[in-house]
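Numbered by this note's numbering, the letters in the sequence shown go through residues 3 to 115 in order. See below for the structure under consideration.
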Amino acid sequence: MVRETCRAQPLRAMAAPRDIDSLLTHVAVDFHNHASVATAQGRDGFGTLLRGTAEAFSPQRFTVHHILGEGDIAAINLTWYATHSGEFQGDPPTGKEEFSSAQAHFLPSAAPC
């Protein structure tokens, strides 16, 4: 079931992150990514992580399971698939398909509805 609200709508962009800069306008400056390295913190760090992932993994495919929003918090539950086709955080490409199942991203919204 997908219940979209004003706050949750930008997260649909995570299923096809073609315009990372637009997506980042909905991410708080002090965003904290609990599942990532220290350099992926804050809006700028998260943008760097998204750009690096887009360059190193292609083609990317997403299956969106849930999108929910309440107040200024939104969450997405998805599965991500991609082929490791370029260097990522110092690791050379493997050519293998990678996946991350049932990720959840909670992004306090920085943009008004």
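Glycine included, C-beta positions come from ideal geometry on N, C-alpha and C. These numbers were taken from a predicted model, which means no experiment stands behind them.
Going by DSSP, Glu72 is part of the beta strand (DSSP E) stretching over 63 to 72. For Phe101, same chain residues with a beta-carbon under 6 angstroms away, outside a window of 5 residues either side, are Tyr83 in chain order. Ala40 counts as exposed, since fewer than 16 other C-beta atoms from the protein chains shown sit within 10 angstroms of its C-beta.
When rounded, the separation of the alpha-carbon atoms in Ala58 and Ala77 is 25 angstroms. With respect to the C-alpha of Thr85, the residue from Gly92, Thr55, Gln91 having the closest C-alpha is Thr55. Here the C-alpha atom of Gly71 lies approximately 16 angstroms from the C-alpha atom of Leu25. Between Val29 and Phe48, the CB-CB gap stays under 8 angstroms.
Leaving aside the five residues that flank Ile22 on each side, the residues in its chain whose CB is nearer than 8 angstroms to its CB run, in chain order, Gly49, Leu52, Arg53, Ala56.
According to the DSSP assignment, Thr55 belongs to the alpha helix (DSSP H) that extends over 44 to 58. Here Ser87 is not near Pro94, since their CB atoms are 8 angstroms or more apart.
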